[in-house]
Structure formats: structure tokens, C-alpha cells
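Just so you know, we're using the working numbering here: the sequence shown kicks off at 198 and counts up by one. The beta carbon of each residue, even a glycine, is placed where N, CA and C say it ideally should be. Note that this is a predicted model, so its numbers are computed, not measured. Below you'll find the structure, written out as C-alpha cells, and then a few comments.
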Amino acid sequence: MQALRHLLLTCLAAQMCAAFRLPRDVLPEKYALHVVTHLGDHGDDFSFEGSVHIQVRALRPTEVIVLHSRGLGIDGDDLQVTQRSGEQDHDHPLENLYRGMDFEPRDDLLVLRLSRPLSEHHIYEVRVHYRGNLTGGLDGYYRSSYSDAGEKRWLAVTHFEPSDARKAFPCFDEPDMKAQFQVNLGRRAGYLSASNMPLKTTEPMAGRAGWFWDRYETSPDMSTYLVAFMVADFLSTEARSGQAHPVTYRVWARPEAINQTSYALRVGPKVLGFYEEYFNLSYPLPKMDMVAIPDFSAGAMENWGLVTYRETSLLYDPEVTSAEQKARVAYVIAHELAHQWFGNLVTMRWWSDLWLNEGFATYVGSLGVNYAHPEWDYLTSEAFENILTTMSLDALKSSHPISVAVGRPDEVQQIFDAISYKKGATLLRSISLFLSEEVFRRGVSNYLQRHQYGNAVQDDLWQSLTAEAHTQGALPSDMTVKTIMDTWTLQTGYPVVSVSRDYQRGTAALTQKRYLLDNSEPQNGTSECWTIPITYSSASQPTFDDTAPQLWMTCDHKVTNISDMPGPGEWVVFNNRVSGLYRVQYDPRNWQLISEALNGAEFTRINVLNRAQLLNDLMNFAWTGDVGYDVALGVSSYLHQERDYVPWRIALGAFSRLDKILRRTPDYHLYRDYLRSLLRPSVARIHDITDVPERYLLLKHHLQLVTWACRLHMGTCREQATQLFREWMVTSHPDSENPIPRDLRSIVYCTAVKYGSEMEWNFVWERYLNANVPSEKNTLLSTLGCTRETWILRRFLQLAHTPDSSIRKQDSRSVFYAITNNIIGYPIAKEFFINNITQIHDYFQPNPGKLSSYITTLAHHMFTQKELDEWRHFLGAHERLLKEAGRAVRQSVESVRVNVLWHRQHYQLFTRALQLRVDS
């Protein structure tokens, strides 16, 4: 270990690396990887054996080579380091320089000690033989299974992001240490394999009858986390894209699900072709494989040329899968294909800029779906979903900047969150709106072409966008995208812009400060400030489609003045189409003018996104006490005439948040009565819940109304739902004959299970066990959490966290979420989590960070000081187990504290406002 300590001290002294980062003395150029996979070949033998030959270039003399390895058995006696270029001793051209190895387990560092220093700029080859186990941990190189005609079938597949390639082969496992990869997969007859590149040859394995080598073409330079391979007995469907650069497109699935791949095979090439045109840059690989994996921890993984998916994110059955689930499949495909450029072709230099990958894929993925299905009006709803999620999480003090310093792998995993994905997407949308879509597209294309096959940081993107913006005159010459966006990416949170109008002079004064849900402490003296693109519309000039900034709020002035406000009787609404990530607080008179406009006959003169924004801002300002609930509910009353999905989505989302608190208070009946009065005109238009609209957003609106009507027992919703379920129960073949419309199934199943008995629950459970369509299986599983039978809920929770049960590990969190959001289930879920924290932690090994979602879900329901004190004590007592969920722990404590403050300061005001509304 002395060599390792000396290396790290030298590295740190030269400021070349952090303690957990690899030194840059040598860089990889090419890997030749050989992996032989055993899938129960000898009983319970789930293992792999491999060898890796890494060609490296020495950048400076060094007596050690440091790379990553975790959980692998390495044969030190067969390890070699040989020189491949430069001056050599011709008598010993392949002298083995390897002398010994050390291992530092905390950071997975494998240190190879050498007999003499490497020579600068010379090429060397590192050869390592190793063995590993195919675990059930859903990361690294792991095993999955499925049932085929009652027989259990096994497969092996990789999932390396962010830092698990080191579990499959020794490597330089950092995103900027790119290299070429030539993969060779050894498999038994009866299986097939796949990797990033096309299959080159298949040949018998010497000395092993019935075994074969699949040898793949060499990849372009890429990061280790994007390397992928699979051994399975799957089937595939195939197509070829029609673009100028033809791409062979295949979708893989288990045999019983191969008939569910046609939609992915159709939409994938369409989206891929759109991206080639949009980015003005061809997809660089000759093929694209997409694989539906039965056991998969994420939604999907963008491995270059071999994208892996959870089955629910790829497979689609038009007879069973709902329209919302179809849209989910389309989006996930579009998201992962966007990564082929953002993340794969151009990769962030370090995980601090993860958002360059995920934010881009989230935003551009929406563009891809919109191209494939323009009839869905997908951009409208998706944009506000991203904004809503971002504003909720980023209003916490414990949030984090979008570009955040991260170090060890356990820290990296915690920033795969809404800030990296949805705030990133929201900010990119904002840039495209204030620069124009064309300037944005050209700037991004230039960025991709300049950095292709390499790595980049966010400043590289800002430079390309600024150059194009100045060329096209989209940005003043004294402004840069960097000066604007650094205020959004390098600091936490977002602002609220306060607008104070002088109605006599026709002017307005604008100020800004950070918006926080916890405003118990004054923000005096804080340095947070944002460069904000300001747009606005008025009653006489409703120019909501114009998103080019009318002026910029900068940090040079505490107050920004506007001199051309409309007349005193006109409303003004800022932030056209919610093009900027900020809330807007108006003076009382302007709020009154807006309320009158929305409650009037011409309320649609205010853009639908801005109507949603006004509701979102008002409900949040009321939460913090910056606006009275009488004002918020007064504006919300306009919803009786609203027919669009997004404003209702915002309003009902805000009430759902309150529902989690109010359901355990004596005034819950007031809240329910108010909601009934608000929903009654809209629900009255629904006579038959099965009369489902075809247009996507109208369908989503119909479903949210039916959901709340059944929940609040309005009209005949509950009776219609239970009757549909009874009809299903008496069919001769319920697994293939389902009279319930596919878009209504989640609502109907939940209603029937909730108000039914053990018989209904067992019926749904049996359908879950027999279901072959993943989306239907997922719906059935989640709705089982709707029961009010407490003993069933306890048994269900235990089953969901038992190894080798009928519920896959990836779905355990869905069960916990469903039960926690059940009014009867919340205390049961909380008790289960507290009493079984060690069991749950161990169940998710080696990914205990999965506990984050449990912590967050529970925290949303707590609102008393006693609960906050007990929660803090519990989290503190289990700090070691919750280490990998540290960010979620901090955010959960703040969320509970925010709920406690609201209940203490605003609960009585809210219920009084409700009472006045109900009485009127």
C-alpha cells in the first residue's frame, strides 16, 4: 500500500486529482474485452470470467498504473504490463513490467506497481484476467430472469452508469477517459448476445464444445459507463431507417413479449431521423438496438448503440396499454435516443455537469415526441410538468445547484434527480425561447460538432450559443449566455419577481429575491440574484406568443423600472408562456384585475400556460402567507369554466399537496366540500366515464376529473367503476377478456379494490401474476395498494420487500408509494419503514440510495412538531444506513418543517377561507 499512498500524495500535491480521482499519468486508448458468461450452466453457477487488454499511453513517467476494480477476483500471477511502442530491448521486446498490485477498497483503486517507470508518450498494454459474479443487484454485470411457459429463463445484462463498469472489468472508469472498445462475448449455444457495435463474426470457442465467441466491431471513443453487453435468449424485430445514413434498428424482448415491440420499432427510427436533421449531425453508429429487460433499476439507460429499458418503458400493446403509458414509452425512447448525441457523442467532463446529459435529453426528448406525435400537443403539458417539479424541489433550502460539485460515486448517484433532469430541461427551454428556437438549434449543433467524441463543460455550450446569438443579433453584444446562465446553474433556487405598478403614471417597479417555502427567516443581506428575461402581456396587448425579452433584469440594479405599462383598468401578466423560471408576485390591484379577467367570459385571452402559472404562483404564495387564501381561492373559482388540462392539473396538484395534511385534521370535510363545489360543473358534463376523448390532452383532463369524482364520490363515478369491475370479474377468461377501457383501468381497479373486500384484492393479484403486458402488470400492482384492509396492506408491504417473491425488486418502491398515499395505508407504511429500515437497506444492496424515495414519500404526509422531532431522531439514529440517501434525508426534514410551519401559521386561515366559499 506504500506505493498507493505515495501516488495519491504526489497527485494531490501537484493538484492533478482529487483523492478519489484517477491520476492522468496514463490514459487508455483502446480496450479488447473478453467475457465468458455462465447462466446456471452448472446448477447455481451465475458468474463470468474475463480478460481485458488495455492499450494505454504514458503522458509522464510513472512507476504505477492506477485503474478501477470492484468485486472482481483478479489473477495477479497472470497480470502483464508490456511496452508496445518506442525504443525497446530487442532481446526482450515483451518484458513484463508488472511487479505487484495494491488495492484501495474505499475508492475501488487498483494500483499496478511496475519494475521501472513508464516512458513519456510510449504505448503500453495492460493485461488482466479476472472473475466475477452475476449478482441480482441490478448494476454492473448482473442477472435477470423471466418465465417462459412455466420455465425460469436467465439472462445477463450490464448497467454501468455512473461508475459500475469497474464491476464488470478493470478499467479507467471516469467519463473523460474515453477509449475505443472491442468486445468479445463468450456464450453457450441457445443464447444470443449484443453489444454497442455490430456483430462482426461468430466462431466456436476452442476447447469448449457448444460454446461460441461473438466478436464485435470496434467502437468509436466513448466513456466506460456507456459500454454495454447482454447474453440472453431473446427475440428481436428489425427495421432500417430511411435517412441518408441508414441505420439497422432492432428491438429485443423475451419471446412472449416480442409482439409488443412494433411501436418502438416504428417510433424509434422516426425520432432518430428527426434528431439527425435537428442537430445537423448524423447518428454516428451503424446500428441501434433497444432491449426490454425484465429486471431493471432505472427507466432506461442510453448505452451507445445498445439502449436498455425497463419493460414498461419500451413495450406497448395497443389492446391493453393506455394512452398515457404509450406517451411514456414514446418519451423514454426519445429521451434515450437524444442521449446518443448528448452524453454519448459529447460527454460531460465530470459528473458535476450531469445536467448537460440529462437536462438536454429531457428537453430534446420532448421535441422528439412532439415530432412523432404532433397531435398530442405534448410540449404544452410536458413543459409545465418540468416547471412544476423544479419549482417544488428548488424552493427548498436543501436543494442544490444544477451544476454541483460531486466526488465519490455515492455522491454522484444522489444528483440523478429533478434538478439535473427537469430544471436542466426547463432552463434549456428558456434559452430556446429568449434566443429563438433557430438560434438555439444552430448553437447546439455547433457545440456538438466542435466537441464530438470528446468531453465538454457547460461553458463550452455557453460559448457556442453566445457566438450564434451574436451572429444572429438575438442577444445584445454586451451580454453573453454565460453571464446569464451562470446565475441559474451555479446557484440554488429561482427568484420571485415582485411587480409594483404605479397606475397613475403607467409605470412598474420590479424587484427580485429567492422564493423559499420556508420563509420563517428574513432574506435580508443575501447575495442571490438572477439575470432574468422579462416579458409581459396586457389586456389590450395579449402578446403571449412573443417570448423575446422586452428587457432584462440584471444584478446591477436592485430595482428595474418599466415605463410603458397599460392603463389603470388593464391587467398585466408577466412571463409570457412561462418562458422564464420565476414566479411573479403582483400588487393587490393587479391580482384583482387578473381575477376579474379569469372569472370573465374572455378568460382564454390569457394564454393557457400563463393561466396555469397564475394558479401555481397563487397557491404557493398562499402557502407561504404572501397572499391570502381568500385571493387564491377567488382566482381559482374561475376553474368552473376551464376546459384545458394544464390549469386543472396545477390546481388539483396543489390541492393534492394539501390533502396529505388535511386528511388527518378535523376540518377535512370542509376541504372535500369545497373541492366538490369546484369540480361540480366539470364533473356534471361527464355522464358516462367510459366516454373517453381521443385527443391526448382532453383525455388526460377527462381522466383527472374521473379520478377526483370517484375519490370524492361525485355523481355516479364510483358506481360506474365498480360495475365495470364486476363485469370483468365474471368474464370467462379475465386475463384476455377485459371490458374496462384501457385508459380507465387504473381508476377502476383502484376504486374496486378500495371499496371491495379481500375477494377483489385477490382477483387483481391473480391478474397481476398472470399478466404479460408490463404496463398492465404495473397498473395492477400499484392499484393493489388502494385497499383499506390493513392486514392486506401489511402483508403486501412485506411481500414487496422479500427476495425472490412475485414482486420484482425494481417494483418495491411502487408498492410503498401506493400504500403511503392511501389514507389508511400511510401509518402502516411509516411503521413498516421505521421497524424494518435495516431489512429494507439490505434488500436494496448494493444500491441503498434507493431509500431516498421512501424518505421523500413519507415526509410529504407529516405536519406536526411531534412528527418532525420523531423523524429527526429516527434519521439521526440510522445515519449510517442512510448515508447514500443523505440529500433526500436533508430535504425530507426541511419538507416536514415546511409542513409544520404551514399548519401552525396558515391552517386556520385556510379552513376559514374554505368555510366562506362553502357557505356562499
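- Note on the stretch 677 to 712: whole alpha helix (DSSP H) runs with a minimum of 4 residues are 678 to 686, in chain order.
- The stretch 528 to 537 and the stretch 588 to 598 do not touch, with fewer than three beta-carbon pairs separated by less than 8 angstroms.
- Per the coordinates, the alpha-carbon of V603 lies some 6 angstroms from the alpha-carbon of S549.
- For T704, same chain residues with a beta-carbon under 7 angstroms away, outside a window of 5 residues either side, are N758, I759, S760 and M762 in chain order.
- G777 and I729 do touch by the CB rule: their CB atoms are close to 6 angstroms apart, below 8 angstroms.
- Under the DSSP assignment, V1012 falls in the alpha helix (DSSP H) whose first and last residues are S1009 to T1017.
- Using a Cβ-Cβ distance cut-off of 8 angstroms, the stretch 871 to 880 and the stretch 486 to 503 are not in contact, since fewer than three pairs of beta carbons, one from each stretch, lie closer than that value.
- In the three-state DSSP reduction, H1058 falls in the coil class, being neither helix nor strand.
- Around the beta-carbon of M911, 16 or more other beta-carbon atoms lie within 10 Å, marking it buried.
- Annotation: the continuous alpha helix (DSSP H) that includes Y1023 extends over G1022 to N1032.
- Distance from I858 to N1096 at the Cβ level is roughly 6 angstroms; contact confirmed, criterion being Cβ atoms closer than 8 angstroms.
- Beta-bridge analysis with DSSP links H265 to L306 and C368.
- The alpha-carbon separation between Y228 and M419 amounts to approximately 11 angstroms.
- The shortest C-alpha to C-alpha distance from Q611 to any of R546, T801 and A1085 is the one to A1085.
- According to the DSSP assignment, R221 belongs to no beta strand (DSSP E), since it is labelled neither H nor E.
- The alpha carbon of P372 has as its nearest neighbour, out of A829, H648, E358 and F471, the alpha carbon of E358.
- The residue among D361, L855, V488 and G387 with its C-alpha nearest the C-alpha of F1107 is L855.
- CA-to-CA, the gap between R1010 and G1046 works out to about 12 angstroms.
- When DSSP reads this structure, E400 sits in a beta bridge with W410.
- Taking C-beta atoms under 8 angstroms as the contact rule, L658 and L553 qualify, at a distance of about 7 angstroms.
- For W449, the beta-bridge partners assigned by DSSP are S433 and V488.
- DSSP places Y650 in no beta strand (DSSP E); its state is neither H nor E.
- For I944, the uninterrupted alpha helix (DSSP H) segment begins and ends at R942 to Y952.
- The alpha helix (DSSP H) runs lying completely inside the stretch 826 to 884 and spanning 4 residues or more are 826 to 833, 842 to 859 and 865 to 881, given in chain order.
- Residue range G337 to D345 is occupied by the beta strand (DSSP E) that includes S341.
- With at least 16 other beta carbons inside 10 angstroms of its own, F431 counts as buried.
- The residues I1021 and I1025, in chain order, have a CB closer than 7 angstroms to that of T987 in the same chain once the five nearest residues on each side in sequence are set aside.
- For P443, the number of other beta carbons within 10 angstroms of its own is below 16, and it is reported as exposed.
- In the DSSP annotation of this structure, the continuous segment of the beta strand (DSSP E) that includes E301 starts and ends at Y295 to E301.
- Going by C-alpha positions, E1067 is about 10 angstroms away from M1059.
- DSSP places V526 within a helical segment (H, G or I) once states are collapsed to three.
- Separation of Q1088 and S617 (C-alpha to C-alpha, rounded to the nearest whole angstrom) is 16 angstroms.
- Counting along the chain, R328 sits inside the beta strand (DSSP E) bounded by residues I320 to N330.
- Of the other Cβ atoms in all chains shown, fewer than 16 fall within 10 Å of the Cβ of Q1042; this residue is therefore exposed.
- Residue pairing from DSSP places P730 in a beta bridge opposite W749.
- Leaving aside the five residues that flank V970 on each side, the residues in its chain whose CB is nearer than 6 angstroms to its CB run, in chain order, D514 and V517.
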